[in-house]
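Basically our numbering = 1-based index in the sequence shown + 193. A quick write-up on the structure given underneath.
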Amino acid sequence: IIPRARFNASGAAILNYFALPNALGGRTLAGNAFNYVIQKSVDVPKQSQVVRFDFKPNEKDTFFVNAQWWTADNEGFDTSGWPGGDNNRWGISSHYLYRDNGMSLNWVRLISPSMVNEVSVGVRHDSEGFVPSTGEIDRLTRTALKYTAPQLFPGNNTLGTIPRATGWGGLSQTTVANINWLDRWGEIGQDYILPSITDNFSLSRRNHNYKAGFYLERIRNGEAPGGNWTGTFNFSSNDSNYTAALGNTGHPYANALLGSFRSYAESSARPHTDLERTLMQWYVQDQWKVNRRVSLNYGARMGWYSQWSQRNLDASNFVASSFNPAKALVLYRAFCVGGTPATAACATANRRAQNPITGALLTNTNLVGTFIPGIGDKLNGIAVGTDPNVPHGFKKPAPIQVQPRFGFAWDVTGKGRTVVRAHGGVYHSTRTGGGTTGGNLVSNPPYQRTVTIDYGTIDNLASLVGTALERPTGLNAVEVITKTPTIYNYSLGIQQEIGFKTLLEVSYVGSQARHLGELRNINGVPDGARFDPANRNPFSAPSATATGALADDFLRPYQGYADINVVMGAGTSNYNGLQVQVSRRYAQRFQYGLAYTWHKTLDYANDDSSNVSYPRPYKAFNYGPADHDQTQIFTANYIWDVPSLSKRLNSNRVVKSLFDNWQLSGTTSLVTGRAQSVTFTYSGGLTDNTGGENNGRPLVLCNPNRPLANAADGTPVFVDASCFARPLARGEIGNAARNMIRRPGVINSDLAFFKNVRLREKLRLQFRWETYNLLNHTNFSAIDTALTMTLNTTTNEVTQTNARFGQPTAARSPRVMQGSLRLSF
194 IIPRARFNAS
204 GAAILNYFAL
214 PNALGGRTLA
224 GNAFNYVIQK
234 SVDVPKQSQV
244 VRFDFKPNEK
254 DTFFVNAQWW
264 TADNEGFDTS
274 GWPGGDNNRW
284 GISSHYLYRD
294 NGMSLNWVRL
304 ISPSMVNEVS
314 VGVRHDSEGF
324 VPSTGEIDRL
334 TRTALKYTAP
344 QLFPGNNTLG
354 TIPRATGWGG
364 LSQTTVANIN
374 WLDRWGEIGQ
384 DYILPSITDN
394 FSLSRRNHNY
404 KAGFYLERIR
414 NGEAPGGNWT
424 GTFNFSSNDS
434 NYTAALGNTG
444 HPYANALLGS
454 FRSYAESSAR
464 PHTDLERTLM
474 QWYVQDQWKV
484 NRRVSLNYGA
494 RMGWYSQWSQ
504 RNLDASNFVA
514 SSFNPAKALV
524 LYRAFCVGGT
534 PATAACATAN
544 RRAQNPITGA
554 LLTNTNLVGT
564 FIPGIGDKLN
574 GIAVGTDPNV
584 PHGFKKPAPI
594 QVQPRFGFAW
604 DVTGKGRTVV
614 RAHGGVYHST
624 RTGGGTTGGN
634 LVSNPPYQRT
644 VTIDYGTIDN
654 LASLVGTALE
664 RPTGLNAVEV
674 ITKTPTIYNY
684 SLGIQQEIGF
694 KTLLEVSYVG
704 SQARHLGELR
714 NINGVPDGAR
724 FDPANRNPFS
734 APSATATGAL
744 ADDFLRPYQG
754 YADINVVMGA
764 GTSNYNGLQV
774 QVSRRYAQRF
784 QYGLAYTWHK
794 TLDYANDDSS
804 NVSYPRPYKA
814 FNYGPADHDQ
824 TQIFTANYIW
834 DVPSLSKRLN
844 SNRVVKSLFD
854 NWQLSGTTSL
864 VTGRAQSVTF
874 TYSGGLTDNT
884 GGENNGRPLV
894 LCNPNRPLAN
904 AADGTPVFVD
914 ASCFARPLAR
924 GEIGNAARNM
934 IRRPGVINSD
944 LAFFKNVRLR
954 EKLRLQFRWE
964 TYNLLNHTNF
974 SAIDTALTMT
984 LNTTTNEVTQ
994 TNARFGQPTA
1004 ARSPRVMQGS
1014 LRLSF
């Protein structure tokens, strides 16, 4: 028992924020204990307003103005953008607020019966913000909780909240509540298009229809300020270097109550992304009706754009070719006096921190892994935006993009019953987002650094700044010489009238994309590095469960930095699909449409913020079905005007009101499941089977996508765990491909029926009833794909111990019905 007199006021303030247990003795399906339950419902109000004004001063000119305001909100404990996990989404209610407002002025000029020009000038402003719910900040302020300890950079904490607390190592619970929030919490980012100008000119001349035009826009992308602006405490008690002499009580909550911390980190600044760029496109095209059976459509679109760049130039980029190993920052290394034991860790009394340059030994072993002052260049390989020799936006200017397009339609018989169509075109994605292609460069050095203090007390933070140790930090980067993402789209199809007012269309559709953005960590620990005897850590002993290797920062290619994530235009994707469509025009009160697609979409990464496995064999470890790939899709839609019963029964007002003017409409979808990857963990033996930073993958012994018998509790199982095994050889990285398993498919039918009642000549009432998932079919949306391989040290057998593997973890909506009454006048 800790006497109250020893309580640290600020440490107690942090603990006082936590709620009291409300579910003592609770157990999850996996058997894990919990003691707190909260309903994470989210309110999602939306509001849209549109205004249009038309003005026609004469027969040749038409003006109209559009203005729109859109607001969408998410409020609750589980809002978009909040740090993931139940341990972070339990006690702080917040808004994710999005606004999109715009206005355009349009002028259409009829120059002659064959010439028309359209001009549009518009402005747009959208914003997104993570705004605290009403009263939340009042509960979190330092004043309200009586938190009195100093902060290193108080000017960053504009909300005046207590620090975050996210380190509770040493507790047996699997989900321990944190005090945590988004780096951008309490701020709003702004995007502007100022302005955009569009002009389209069309000319009809004989059997040609010419078009030309241009588009110009100026864009600003502003992200809310980020960074660790309140500071973050780690009170973990399971660090062997955090001894009782340094204040460790052996329990993280007791550490917090006494004001003793394992580590504290805080950002020196709160950088603000404020990017800008200019985009311009122009085109010419011609639709040429060669004769009554053949039409051609050809043209080209050209484009130019500037690179995203920080307006105040306060950003930096890592350029690998500029990195000089001779100027690299140097870390204190672990050293064992008397030599490192072959099979044991160095005795505590013999441990030292060594300056590898001078050989000097220091008794403070907490220095190991931190920078030696005065050695190396802190901006080694880093280009700053204010350098006149650095390209604007850190990228070489892009050339003019030329995008030709061509298509034709051929009426085979001249009767309009059989038509062949084809098209091909080149498309450049010049309008990329700013968040991953320049916006994250503002947090690089020298504009933001993270100060870390180890093993101290809360009240003495300010006096400990001089002891703050600098460690390698991660960097964000973009390619200096990069290519614009390019998409090649093409199709060939045939349309055939098959009678009964029905059209059959069969098409092959393809798309090839090149130079797509992807994220590569060029400073990860290479596979096998931890197995190299030269990388042995004297303070750790190699064993059946540990490599005994040096910390990762000693093993990276670019010394002095942690992960370096570079957005590169190296990705590719391809789509090939057979598309079949049958459609019947509305006739005799009925129309329907059937569509079937059989396709495959393959890529290397989901988007330009997705990491690829690097530097492993690029294709083998990254190329596979896209995250959104669904091999087969069948949909049907229909509309039926129910025959009026008044024509068959006595025609009176009651019969007409009840049984006439009904309409049914609906859709049915049968879709195969999306692709997904398997994750892999191992316990009971050497958990690090790759010896590098990238995780290993399981061995695949058979096709795991096969139906299995239900689990003992009746839960369906969609993936066969027996098809996977752990790589046993040290350094074996496995062979499981990306996205090799499939989630369950979707079977869904929606039905709507409505009735129109004419009350008066200009007064109508409509009753509508809609049913979604009509059959109330259970459609699972996610499955457990986490393999857990466990070694039995007695029998030396490895088994898969996750009983939930392959079983569903979430489902789409059940049947939902809604009704409405609409009065029109």
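All residues carry an ideal CB built from backbone N, CA and C; glycine is no exception.
Contact between residue 351 and residue 330 is absent: CB atoms are separated by about 10 Å, not below the 8 Å threshold. With respect to the C-alpha of residue 482, the residue from 400, 427, 517 having the closest C-alpha is 400. For residue 202, no beta strand (DSSP E) encloses it; the enclosing alpha helix (DSSP H) starts and ends at 202-209. Apart from the 5 residues on each side of it in sequence, residue 454 sits with its Cβ closer than 7 Å to the Cβ of 426, 427, 428, 448, 649, 651 in its chain, given in chain order. One Cα belongs to residue 871, the other to residue 933, and the distance between them is close to 8 Å. Taking C-beta separations shorter than 6 Å and ignoring five residues to either side along the sequence, the partners of residue 667 in its chain run 755, 756, following chain order. In this structure, residue 261 and residue 318 do not form a Cβ contact; the two beta carbons are roughly 11 Å apart against a cut-off of 8 Å. Using a 10 angstroms sphere on the CB of residue 851, the tally of other CB atoms stays under 16, which defines it as exposed. 298 is the residue among 864, 202, 216, 298 whose C-alpha sits nearest the C-alpha of residue 246. Looking at the DSSP output, residue 325 shares a beta bridge with 287. Between the stretch 411-422 and the stretch 324-339 there are fewer than three inter-stretch CB-CB distances shorter than 8 Å, so the stretches are not counted as touching. Within the same chain, Cβ atoms closer than 6 Å to the Cβ of residue 876 are found at 983, the five residues on either side in sequence being excluded. For the 9 Å CB-CB criterion, residue 366 and residue 356 do not form a contact.
For residue 597, the secondary structure class from DSSP, reduced to helix, strand or coil, is strand. In this structure, the beta-carbon distance from residue 739 to residue 881 falls below 9 Å. At a Cβ-Cβ threshold of 9 Å, residue 640 and residue 462 count as neighbours.
Non-local beta-carbon contacts of residue 369 in its own chain, meaning distances under 7 Å to residues more than five positions away in sequence, involve 280, 361 in chain order. Looking at 211, 271, 637, 577, the one whose alpha-carbon comes closest to that of residue 237 is 271.
Restricting attention to beta strand (DSSP E) runs no shorter than 3 residues, the stretch 851-884 encloses them at 855-864, 872-876, ordered along the chain. Between residue 501 and residue 474, the C-beta spacing is not below 9 Å. In this structure, residue 911 lies away from residue 891, with their beta-carbon atoms at least 9 Å apart.
A residue is called buried when at least 16 other Cβ atoms come within 10 angstroms of its Cβ; residue 254 does not meet this threshold and is exposed.
Leaving aside the five residues that flank residue 946 on each side, the residues in its chain whose CB is nearer than 7 Å to its CB run, in chain order, 855, 856, 857, 962. DSSP, read as helix, strand or coil, puts residue 926 in coil. Excluding the 5 residues flanking it on each side, residue 835 has same chain C-beta neighbours closer than 6 Å at 855, in chain order. Cβ neighbours of residue 672 within its own chain (closer than 8 Å, five residues either side excluded): 588, 759, 760, 761, 762.
The C-alpha of residue 730 lies about 19 Å from the C-alpha of residue 751.
The C-alpha of residue 749 is placed about 12 Å away from the C-alpha of residue 521.
Non-local C-beta neighbours of residue 258 in its own chain, meaning closer than 6 Å and more than five positions away in sequence, comprise 246, 298, ordered along the chain. At a cut-off of 3 residues, the continuous stretches assigned as beta strand (DSSP E) that sit fully inside the stretch 900-969 are 939-953, 956-965. Counting other Cβ atoms within 10 Å of its Cβ, residue 1018 stays below 16 and is therefore classed as exposed.
Going by C-alpha positions, residue 785 is about 33 Å away from residue 491.
At a Cβ-Cβ threshold of 9 Å, residue 698 and residue 688 count as neighbours.
For residue 488, the closest of 548, 615, 444 by C-alpha to C-alpha distance is 615.
Taking 9 Å as the cut-off, the beta carbon of residue 817 is found closer than this to the beta carbon of residue 930. Straight across, the Cα-Cα distance linking residue 677 with residue 622 is about 7 Å.
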